[in-house]
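Written out below as C-alpha cells is the structure these notes cover.
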Amino acid sequence: MFSAFGSIDYQSIRASTPAETAIKRLNGIGEVLSGLDVSAIRTEGDMAHALLALDTADKCIRVILTEFRAEHSTEVVRKAKSLIGLIEQARDEISGYGDGGNTLSRTRAVSA
C-alpha cells in the first residue's frame, strides 16, 4: 500500500539545519501546489477540491512556521510568505469560477 515510499532516498533529503528542514518542507508544498491545474476546474466539486487543497497547504505552511519559529531565517519566512501569497491569489482566482466571472486564466497552473 505504501510502496511509493520505498524508493525515497532519505539520505539525500536529510537537512543539516532546522531552517533547511523547513525550506525542504515548504518546497515540497510548492511542488504539490504546482500540480494543481486550475484550468481543469469544471464543476463545483472540482472547485471545492482545489480550495481544500489550497487551504490544507496554507495550514501546513503555518504549522511549519510555528514548528520552526526559533529558526525563522529570512529565507524560511520569505518562502512561506511567497507560498501564502500564491495560495491567496489562486484562491481568489478559483473563487471567480463560482461567480461565473472570467477572472481566472484558464491556462494557468499554480506555481511556487
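Just so you know, we're using the numbering used here here: the sequence shown kicks off at 657 and counts up by one.
Ideal placement from N, C-alpha and C gives every residue a C-beta, glycine not left out.
{"Check": "Span separating the alpha-carbon of residue 682 from that of residue 693", "Outcome": "19 Å"}
{"Check": "Whole-number beta carbon distance between residue 750 and residue 717, since they are thought to touch under 8 Å", "Outcome": "Between residue 750 and residue 717 the Cβ distance is about 18 Å, and since that is not below 8 Å, they are no contact."}
{"Check": "For residue 725, the first and last residue of its enclosing alpha helix (DSSP H)", "Outcome": "Segment: none, residue 725 is in no alpha helix (DSSP H) and carries neither H nor E."}
{"Check": "Pick from 745, 672, 675, 697 that is closest to residue 714, judged by C-alpha positions", "Outcome": "745"}
{"Check": "Through-space distance from residue 672 to residue 747, alpha-carbon basis", "Outcome": "34 Å"}
{"Check": "Straight-line gap, residue 702 to residue 690 (C-alpha atoms, nearest Å)", "Outcome": "16 Å"}
{"Check": "Counted within 10 angstroms of its Cβ, other Cβ atoms place residue 680 as buried (16 or more) or exposed", "Outcome": "exposed"}
{"Check": "Exposure of residue 726, with buried meaning 16 or more beta-carbon neighbours within 10 Å", "Outcome": "exposed"}
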